[in-house]
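All remarks here apply to the structure that follows.
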Amino acid sequence: MGNDLAIRDKEIKLIKILYPHLNKIADLEIQKGIALAKYLGLDPLKKEVHFVPYGQSVQLIVSYTEYIKRAERSGKLDGWQVRIEGEGENLRAVVTIYRKDWSKPFEWTVFLKEVVKNTPVWEQMPLFMLRKVAISQAF
111 MGNDLAIRDK EIKLIKILYP HLNKIADLEI QKGIALAKYL GLDPLKKEVH FVPYGQSVQL
171 IVSYTEYIKR AERSGKLDGW QVRIEGEGEN LRAVVTIYRK DWSKPFEWTV FLKEVVKNTP
231 VWEQMPLFML RKVAISQAF
């Protein structure tokens with residue numbers, strides 16, 4: 111039991127080093143996030159999942175690249191693409207996914223105005239962020 115506590119404390123400490131913005135979040139909430147990530151087979155140290163503070167708890171955001179990796183591992187992925195279309199209010203990202211077991215491709219559209227956040231990364235790279243959101247939602 112003592113060894114389990116030491117492992118848990120080490121994991122929490124590593125998460126707080128990796129995500130310093132979680133320093134004000136209770137260890138129990140971080141422990142819940144770690145447990146959920148493990149249950150989902152995601153490794154926060156490999157950045158497969160990101161820990162984001164949400165009020166007094168932790169929200170898990172799965173990396174968009176992880177969705178792509180899992181689709182590739184399924185053996186059913188037959189290609190995909192993402193493109194930016196429109197302008198102004200109609201600026202959007204469109205993801206098309208082709209699967210070997212589907213006769214028609216799956217297409218998903220995300221409008222910038224519906225997902226944009228007022229954060230530095232969105233201000234610096236809005237098109238990249240729009241692509242990431244669209245890929246995550248589509249996969």
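Residue numbers (this note's numbering): 111 to 249.
By construction, the Cβ of each residue, glycine as well, lies at the ideal position given by its N, Cα and C atoms.
Glycine 143 is classed as buried because its beta carbon has at least 16 other beta carbons within 10 Å across all chains shown. Beta-carbon to beta-carbon, leucine 146 and isoleucine 194 are separated by about 33 Å, too far to satisfy the 8 Å threshold. In this structure, the beta-carbon distance from valine 225 to glutamate 217 does not fall below 8 Å. Look at glutamate 176 here: in three-state DSSP terms it is helix.
Between isoleucine 135 and the set Lys156, Pro154, Val162, Asp119, the nearest pair of CA atoms involves Val162. Per DSSP, alanine 136 lies in no alpha helix (DSSP H) and is assigned neither H nor E. With a cut-off of 8 Å on Cβ pairs, the segment 233-249 is in contact with the segment 180-198, counting three or more such pairs.
Rounded to the nearest whole angstrom, the C-alpha separation of leucine 124 and tyrosine 149 is 18 Å.
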